[in-house]
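*Asks:* Let me begin by handing over the structure; questions about it come next.
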Amino acid sequence: MRERLKVDAGRVERFMQRLGSEAAEEGVCYLVGGATAVLLGWRDTTIDVDISLEPEQESVLRALQALKRELSMNVELASPGDFVPLPSGWRERSISAGREGRLTFLHFDLYAQALAKLERGHARDVEDVRAMVERGLVEPARLRELFDEIRGELYRFPAIDERRFRAAVDRL
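If you use my numbering, the sequence shown corresponds to residues 414 to 585, in order.
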């Protein structure tokens, strides 16, 4: 197995170009986590590229294994919706990262990403959310509003400790 290298913005962009060239139909590829952090500039590198596809396309999914090897990077299918309820309007708040071939690349809603990162609570996640706030990409008051919106759906994620999650949002 080849060593996975840290992924910088140029490698994320090459990944986007290659993945877009594999799309057989129109679709959206949401970038999540480290890929967003690297492309928007608050981190120099990430250890993996997390994406979510709408719709999932056979040609794109099949290309992922080859691209992982070719670009020596880890790619995972993951989104904030795998970890926390998504607040309404998340699609509309997702911001453009470009277009390659038949794929439109968007940064998954930064508020949804921030909520998922605060719920997880790792030091790197909290740093990422602070960077989003410092850059004016996420407003703490709006983040609290969106947390309040999703609170009624937290039961769908039994591993979430609502009090701890709320405290993390409030600390921000």
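For each residue, glycine too, the CB sits at the ideal point set by N, CA and C. As the structure is a prediction and not an experimental result, all values here were calculated from the model.
Taking the straight line between their C-alpha atoms, what separation do you get for residue 522 and residue 530?
*Replies:* 12 Å
*Asks:* Let me check understanding here. Comparing Cα to Cα, which of 428, 573, 578, 567 lies closest to residue 484?
*Replies:* Comparing alpha-carbon positions, the option among 428, 573, 578, 567 lying closest to residue 484 turns out to be 428.
*Asks:* Keeping to the same chain, check which residues put their C-beta closer than 6 Å to that of residue 497; ignore five residues upstream and five downstream.
*Replies:* 528, 529, 532
*Asks:* Please state the DSSP three-state secondary structure of residue 571.
*Replies:* Coil at residue 571, not helix or strand.
*Asks:* Can you check which of these residues, 550, 581, 579, 569, is closest to residue 494 by C-alpha distance?
*Replies:* 569
*Asks:* I'd like to know if the region 541 to 552 and the region 451 to 462 are in contact, where contact means that at least 3 CB-CB pairs between them fall below 8 Å.
*Replies:* Under the 8 Å Cβ criterion, the region 541 to 552 counts as touching the region 451 to 462, having at least three qualifying pairs.
*Asks:* Specify, as a first and last residue, the run of the beta strand (DSSP E) that residue 458 falls within.
*Replies:* Premise fails: residue 458 is in no beta strand (DSSP E) and is neither H nor E.
*Asks:* Which runs of the alpha helix (DSSP H), 4 residues or longer, sit entirely within the region 468 to 497?
*Replies:* Listed in chain order, the complete alpha helix (DSSP H) runs (minimum 4 residues) inside the region 468 to 497 are 471 to 484.
*Asks:* According to the neighbour-count rule (16 or more other Cβ atoms, all chains shown, within 10 Å of its Cβ), is residue 444 buried or exposed?
*Replies:* buried
*Asks:* With H, G and I counted as helix, E and B as strand and the rest as coil, what does DSSP make of residue 546?
*Replies:* Helix at residue 546.
*Asks:* From which residue to which residue does the alpha helix (DSSP H) around residue 422 run?
*Replies:* 422 to 435
*Asks:* Is it the case that the Cβ atoms of residue 491 and residue 534 are separated by a distance below 8 Å?
*Replies:* no
*Asks:* Quick one: what does DSSP say residue 582 is sitting in, helix, strand or coil?
*Replies:* helix
*Asks:* In its own chain, which residues sit with a C-beta less than 7 Å from the C-beta of residue 509, not counting the 5 before and 5 after it?
*Replies:* Closer than 7 Å at Cβ, skipping near neighbours: 519.
*Asks:* Suppose the cutoff is 6 Å on Cβ atoms and the five residues either side in sequence are ignored; what does the same chain contact list for residue 414 look like?
*Replies:* Below a pLDDT of 50, predicted positions are generally treated as unreliable, and residue 414, at 39, falls in that range; the measurement from the model is reported next regardless. Cβ neighbours of residue 414 beyond the five flanking positions: none.
*Asks:* Does the region 466 to 483 come close enough to the region 429 to 436 that 3 or more CB-CB pairs lie under 8 Å?
*Replies:* The region 429 to 436 vs the region 466 to 483: in contact.
*Asks:* Where do the ends of the beta strand (DSSP E) carrying residue 560 lie?
*Replies:* Here residue 560 belongs to no beta strand (DSSP E); instead the alpha helix (DSSP H) covers 553 to 563.
*Asks:* Could you tell me the boundaries of the alpha helix (DSSP H) in which residue 531 lies?
*Replies:* Note, residue 531: alpha helix (DSSP H), 523 to 533.
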